[in-house]
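Report on the structure given below.
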Amino acid sequence: MVPFSHENMMTVACSSRENGKNTRAFCQVGCIGCGLCVKQSETFVVEDNLARVDYAKYEPSGQNEAAYNKCPTGVVVYRGKSAPEPREPKARQPAADKA
Ligand code: SF4
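So this is what it looks like as structure tokens:
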């Protein structure tokens, strides 16, 4: 349950604790536990391959917005009255040609 203290709040819309490779095999939008969100904001925590928001620390901030924007799968989403639509996952880079 997300304790709504702001009109719109971020959440990690995933509950899978599979490692990133397994998650990617079955789901393009799941949390892969990469930790990019944690590097941007102390509000995010990764445990057992799954990120979550520490709502005791949550405030709208540039750091949280950076975490939202850096997430490669788009699993960080806003929820609330005027929440924006979820983003598309970043396109995977094609494998380099083997010459
Ligand atoms: S950046 Fe996205 S995919 Fe990576 S750990 Fe954070 S929420 Fe999960």
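For what it's worth, the numbering used here labels the leading residue of the sequence shown as 2, then goes sequentially.
For glycine and all other residues, C-beta sits at the position ideal for the given N, C-alpha and C.
Keep in mind it's a predicted model, so treat the numbers as computed, not measured.
What span of residues does the beta strand (DSSP E) with A52 cover, start to end?
For the purposes of this step, residue 52 is identified with residue 51 of the sequence shown, where counting begins at 1. Looking at the DSSP string, the run of the beta strand (DSSP E) that includes A52 is L51 to V54.
Own chain, CB closer than 7 Å to K91, minus 5 neighbours either side, in chain order:
On the sequence shown, residue 91 is found 90 positions in, with the first residue counted as 1. The residues are P73.
Between the segment 78 to 88 and the segment 16 to 29, do three or more beta carbon pairs fall short of 8 Å?
no
If you drop the 5 nearest sequence neighbours on each side, which residues of the same chain put their C-beta closer than 8 Å to that of Q64?
Here the question's residue 64 lines up with position 63 in the sequence shown. Counting only Cβ-Cβ distances below 8 Å, and skipping sequence neighbours, we find Q41, S42, E43 and T44.
In three-state DSSP terms, what is E48?
Within the sequence shown, residue 48 is the residue found at index 47, counting from 1. It is a strand residue.
K71 CB to nearest heavy atom of the ligand SF4 below 8 Å:
Residue 71 sits at position 70 when you count from the first residue of the sequence shown. Indeed, a heavy atom of the ligand SF4 lies less than 8 Å from the Cβ.
From which residue to which residue does the alpha helix (DSSP H) around T24 run?
Residue 24 sits at position 23 when you count from the first residue of the sequence shown. Per DSSP, T24 belongs to the alpha helix (DSSP H) from G21 to F27.
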